[in-house]
Amino acid sequence: MANYVDIIELYRGKKGGIIEAFHALQNEFNYIPEEALGLAAKTFGISEAEAYGVATFYSYLSVKPRGKYIIRMCESAPCHIAGADRVVKAIEDYLGINVGETTADGKFTFELCECIGQCQATPVVTINSEPVFNVSPEQIPEILSACK
Amino acid sequence: MAQEYRVLLEYADKINPASAADYINVGGYKGLEKARGMERKALIEEVKKSGLRGRGGAGFNAGMKWSFVPQDAPVKYVVCNLDEGEPGTYKDRIICQKNAQALLEGMAICGAAIGSSQGYIYCRGEYPFVVDLLRRAIESAKAEGALGDFDIEVRMGAGAYVCGEETALIESIEGHRGEPRFKPPFPGVEGLWGVPTVVNNVETFACLPYILTRGAEWFAGIGAPKYPGTKIVTLTGDVVNTTWFEVPTDMTLREVIFELGGGVKNGKKFKAVQVGGTSGAFIPEANLDCPIDFDSMGNIGAALGSGAVLVLDETRDIVDVVTRISKFFEHESCGKCNPCREGTFRCREIMERINNGNGSEKDIENLQVLSKVMQKAALCGLGQAAPIPIDSTIKHFKHEYLRKLVVTSGKGGH
């Protein structure tokens, strides 16, 4: 596993690059660890409070640990009318957690999200940002069991 | 029979979008070559004359926008808004996945017009695969020497709808929370890192190569005279063909939905269409003969917006759909200004009450007052547009609200 110090160092000097650095940290850790956030703030010359403000503004950034697989269910109007509610229920039932929670084994985090721009095939779920199309509640066990 | 008119997407799936060589083989980068041979002023005039207006929703004349940039500023930026977050919209993704080089060329043409050598593409965080594609496309264009001294960097957002607003987008590129700025100053004068910046939508930029190679008059002659060209629309919801089409801007909504779209799914009847994304108005059947161009849509109290077309069949519960939309805006409000922060919260609260069968006529009146306040007082387009789905459905589908109200004085109810 890469060191957060090295990851942040890659973005030093990049104007406005703190969000890019946050993305890179998340690619490695699935969230932004507290000590990494502090170092990023220092590297980009802003206060820790400001860096925290940035990290918590964006829904795709997280300052809390998340699972290896981040499952997101789109809830926007096109997915809503295509039955997103029933898929949400199926995911919660399968994983045994509610929206916003992570499974005890640290494997899955389940989040709701807004439109991901794949509205030709609603409802849509993403697994670590990879879209899965035309999802029905019945397919959920098969889709999630494929995450090893 | 209404037909597609493909300009931006003529070579969709026939060329590799990342390959500059493929694009050059079908006539690409000729527009930029022409643009570089022109005086800046003449180039801006040519774009003005084409009548090209912003495809992101605001519909502002692109050449006019460029003309506000001070000529003598030493550093200027060209920024592409690829933060398409309007639910039901995926046209910018399609443009990138089918014809990414046209976007790069368009940005370089803008660079030539305003005297900028640095472009940024702000891509939404939901599209990491588009970020990869664009980076490969930029590499390929550079390897072919197609962009000359114009450089483009891709930055990725992180899931904030408000960053589609140009000053919020600029804040985000600068590494800040994506909160809109007060305007003026407009980005054309004081934008990214305080210097003059042109922010245009993907589709706007991608039109430019064709305007340059085929001429402003050719472009001005396509579709609606006051909003010429083509528009890429994305059809979603209860329509047979849930896909994208590139159409001339004088095509009517009825043609888009019933001819290209194949009509309502499963033999059901049409109830409403929401155009322009989730901030758009709901349009009843009586207005379907309206052309999709910016001004015609404005005349029926709607907006073309991003070109999303969400069709609802006769069985859909309008109040339920609008309640869901009100949750979207509450979630996406950045919280900077009071009318939006409190307004989207109250809209959602009242809509839920009505949707759950606990609303009153007073709630409907309050929504209408709140809507007026938000449209006038919110800082940016998010808060101004958030109540439009509510307003337009109270106007056209009030009976659906009334039948959900608590029966008190014999009015409303079933």
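Quick mapping for you: the protein sequence lines, in order, are chains Z and S. Quick note on numbering: the first sequence equals residues 1 to 148 in my numbering. Quick note on numbering: the second sequence equals residues 1 to 414 in my numbering. Idealized CB from N, CA, C, for every residue including glycine.
Checklist entry - How about Val-79 of chain S: is its C-beta nearer than 8 Å to some C-beta of chain Z? => result One-based indexing of the second sequence puts residue 79 of chain S at position 79. Not one chain Z Cβ lies under 8 Å of Val-79 of chain S.
Checklist entry - From which residue to which residue does the beta strand (DSSP E) around Phe-282 of chain S run? => result Here residue 282 of chain S refers to the residue found at position 282 when the second sequence is read from its first residue. From DSSP, the beta strand (DSSP E) with Phe-282 of chain S extends over 282-284.
Item to check | Cβ-based neighbour list, Glu-46 of chain S, same chain, cut-off 6 Å, excluding 5 preceding and 5 following | outcome: Residue numbering aside, residue 46 of chain S sits at position 46 when the second sequence is read from its first letter. So the qualifying residues of the chain are Ala-216.
Checklist entry - Is DSSP giving Asn-266 of chain S helix, strand or coil here? => result Taking the second sequence and counting its residues from 1, one reaches residue 266 of chain S at position 266. Helix.
Checklist entry - Does DSSP classify Ala-224 of chain S as helix, strand or coil? => result Translated into positions along the second sequence, residue 224 of chain S becomes position 224. Three-state DSSP puts Ala-224 of chain S in a strand.
Next on the checklist: Could you tell me the alpha carbon to alpha carbon distance between Ala-55 of chain Z and Glu-28 of chain Z, rounded to whole angstroms?
Outcome noted: Residue 55 of chain Z sits at position 55 when you count from the first residue of the first sequence. Residue 28 of chain Z sits at position 28 when you count from the first residue of the first sequence. So the two alpha carbons sit approximately 16 Å from each other.
Item to check | Cutoff 6 Å; reference Phe-345 of chain S; Cβ partners in own chain excluding five residues on either side | outcome: Here residue 345 of chain S is taken as the residue at index 345 of the second sequence, counted from 1. Closer than 6 Å at the Cβ level, and outside the excluded window around Phe-345 of chain S, lie Glu-330.
Checklist entry - If you measure from the beta carbon of Ser-129 of chain Z to each beta carbon in chain S, is any gap under 8 Å? => result In the first sequence, the residue the question calls residue 129 of chain Z occupies position 129. Yes, Ser-129 of chain Z lies at the interface with chain S (some Cβ there is under 8 Å from its Cβ).
Item to check | Residues sharing a beta bridge with Asp-363 of chain S, DSSP | outcome: For the purposes of this step, residue 363 of chain S is taken as the residue at position 363 of the second sequence. None, per the DSSP bridge assignment.
Checklist entry - Distance, Cα to Cα, Asn-241 of chain S vs Phe-129 of chain S? => result Taking the first residue of the second sequence as position 1, residue 241 of chain S is located at position 241. Taking the first residue of the second sequence as position 1, residue 129 of chain S is located at position 129. Computed Cα separation, rounded: 25 Å.
Item to check | Residue(s) in a DSSP beta bridge with Gly-106 of chain S | outcome: Position 106 of the second sequence, counting from 1, holds the residue named residue 106 of chain S. Note: Gly-106 of chain S sits in no beta bridge, so no partner.
Checklist entry - When you check each C-beta in the stretch 32-64 of chain Z against every C-beta of chain S, which residues fall closer than 7 Å? => result Phe-44, Gly-53, Val-54, Phe-57, Tyr-58, Ser-59, Tyr-60, Leu-61
Item to check | Best match in S:Phe-328, S:Asp-320, S:Arg-341 for proximity to Phe-397 of chain S [C-alpha to C-alpha] | outcome: The residue you call residue 397 of chain S lines up with position 397 of the second sequence. Nearest option by C-alpha distance: S:Asp-320.
Checklist entry - Is the CB-CB distance between Lys-336 of chain S and Pro-180 of chain S below 8 Å? => result Position 336 of the second sequence, counted from the start, is the residue given in the question as residue 336 of chain S. Position 180 of the second sequence, counted from the start, is the residue given in the question as residue 180 of chain S. It is a contact, given that the beta carbons lie within the stated cut-off.
Item to check | Tyr-401 of chain S - DSSP class collapsed to helix/strand/coil | outcome: Position 401 of the second sequence, counting from 1, holds the residue named residue 401 of chain S. DSSP places Tyr-401 of chain S in helix when its eight states are reduced to three.
Next on the checklist: In this structure, how does DSSP classify Gly-54 of chain S when only helix, strand and coil are distinguished?
Outcome noted: Numbered from 1 along the second sequence, position 54 holds the residue referred to as residue 54 of chain S. In this structure, Gly-54 of chain S counts as coil in the three-state DSSP scheme.
Item to check | Three-state class that DSSP yields for Val-99 of chain Z in the structure shown | outcome: Within the first sequence, numbered from 1, the residue matching residue 99 of chain Z stands at position 99. Reduced to three states, the DSSP call for Val-99 of chain Z is coil.
Item to check | Thr-323 of chain S classed as buried or exposed, judged by whether at least 16 other C-beta atoms fall within 10 angstroms | outcome: As a working mapping, residue 323 of chain S is identified with position 323 in the second sequence. With 16 or more other Cβ atoms within 10 Å, it is buried.
Next on the checklist: Any beta carbon from chain S within less than 8 Å of Ala-77 of chain Z's own beta carbon?
Outcome noted: Locating residue 77 of chain Z in the first sequence gives position 77, where the first residue counts as 1. Output row for Ala-77 of chain Z: interface = yes.
Item to check | Where His-331 of chain S meets chain Z, residues with beta-carbon distance less than 7 Å | outcome: As a first step, residue 331 of chain S must be located in the second sequence, where it is residue number 331. The answer, in chain order, is Glu-114.
Item to check | C-alpha distance - Gly-17 of chain Z paired with Gly-157 of chain S, whole-angstrom precision | outcome: For this step, residue 17 of chain Z is matched to residue 17 along the first sequence. For this step, residue 157 of chain S is matched to residue 157 along the second sequence. Each residue's alpha carbon lies about 11 Å from the other.
Checklist entry - Residues in its own chain within less than 7 Å of Tyr-401 of chain S by CB, not counting five upstream and five downstream? => result For the purposes of this step, residue 401 of chain S is taken as the residue at position 401 of the second sequence. Val-319, Ile-354, Ile-364, Ile-394, listed in sequence order.
Next on the checklist: For Ala-137 of chain S, tell me which candidate among S:Thr-167, S:Leu-103, S:Asn-338, S:Glu-259 has the shortest Cα-Cα distance.
Outcome noted: Along the second sequence, one-based indexing puts residue 137 of chain S at 137. Answer by Cα proximity: S:Leu-103.
Next on the checklist: Please state the DSSP three-state secondary structure of Gln-118 of chain Z.
Outcome noted: Here residue 118 of chain Z refers to the residue found at position 118 of the first sequence. DSSP places Gln-118 of chain Z in coil when its eight states are reduced to three.
Checklist entry - If you drop the 5 nearest sequence neighbours on each side, which residues of the same chain put their C-beta closer than 8 Å to that of Arg-93 of chain S? => result If you number the second sequence from 1, residue 93 of chain S lands on position 93. The residues are Glu-84, Tyr-127, Val-130.
Next on the checklist: Relative to the C-alpha of His-176 of chain S, which candidate in Z:Ile-8, Z:Leu-10, Z:Gly-53, Z:Lys-42 has its C-alpha closest?
Outcome noted: As a position in the second sequence, residue 176 of chain S is number 176, starting the count at 1. It is Z:Gly-53.
Item to check | Asn-81 of chain S in three-state terms, based on DSSP | outcome: Counting from 1 along the second sequence, the entry for residue 81 of chain S is found at position 81. Strand, per DSSP.
Next on the checklist: Taking its Cβ as the centre, do 16 or more other Cβ atoms sit within 10 Å of Trp-244 of chain S, making it buried, or is it exposed?
Outcome noted: As a working note, residue 244 of chain S is residue 244 in the second sequence. By the neighbour-count rule (16 or more Cβ atoms within 10 Å), Trp-244 of chain S is buried.
Item to check | Contact set for Ala-146 of chain S: own chain, Cβ-Cβ below 6 Å, skip 5 residues either direction | outcome: Against the second sequence, residue 146 of chain S aligns to sequence position 146. Contacts found: Ala-20, Tyr-29.
Next on the checklist: For Tyr-94 of chain Z and Cys-113 of chain Z, I'd like the C-alpha separation in whole angstroms.
Outcome noted: As a working note, residue 94 of chain Z is residue 94 in the first sequence. As a working note, residue 113 of chain Z is residue 113 in the first sequence. Going from the Cα of Tyr-94 of chain Z to the Cα of Cys-113 of chain Z covers about 19 Å.
Item to check | Bridge partners - Leu-312 of chain S, DSSP secondary structure assignment | outcome: Start at 1 with the first residue of the second sequence, and residue 312 of chain S comes out as number 312. DSSP lists S:Ala-272 as partners of Leu-312 of chain S.
Next on the checklist: At the 8 Å Cβ level, is Gly-125 of chain S part of the contact set with chain Z, yes or no?
Outcome noted: As a first step, residue 125 of chain S is located in the second sequence; it is residue number 125 there, counting from the start. Cβ-Cβ to chain Z under 8 Å: yes for Gly-125 of chain S.
Next on the checklist: How far does the alpha helix (DSSP H) with Glu-86 of chain S in it extend, from its first residue to its last?
Outcome noted: One-based indexing of the second sequence puts residue 86 of chain S at position 86. Per DSSP, Glu-86 of chain S belongs to no alpha helix (DSSP H) and is neither H nor E.
Next on the checklist: So Glu-20 of chain Z contacts chain S; which residues on that side make the cut at Cβ distance below 9 Å?
Outcome noted: By one-based count along the first sequence, residue 20 of chain Z stands at place 20. Result: Arg-155, Met-156, Gly-175.
Next on the checklist: Suppose you measure from the CA of Ile-173 of chain S to the CA of Ile-121 of chain S; what does that come to, to the nearest Å?
Outcome noted: The count along the second sequence starts at 1 and reaches residue 173 of chain S at position 173. The count along the second sequence starts at 1 and reaches residue 121 of chain S at position 121. In a straight line, the C-alpha of Ile-173 of chain S is about 9 Å away from that of Ile-121 of chain S.
Item to check | Contact list for Thr-197 of chain S against chain Z, beta-carbon separation under 9 Å | outcome: Locating residue 197 of chain S in the second sequence gives position 197, where the first residue counts as 1. Going along chain Z, no residue has its Cβ under 9 Å from Thr-197 of chain S, so there is no contact; the nearest lies around 13 Å.
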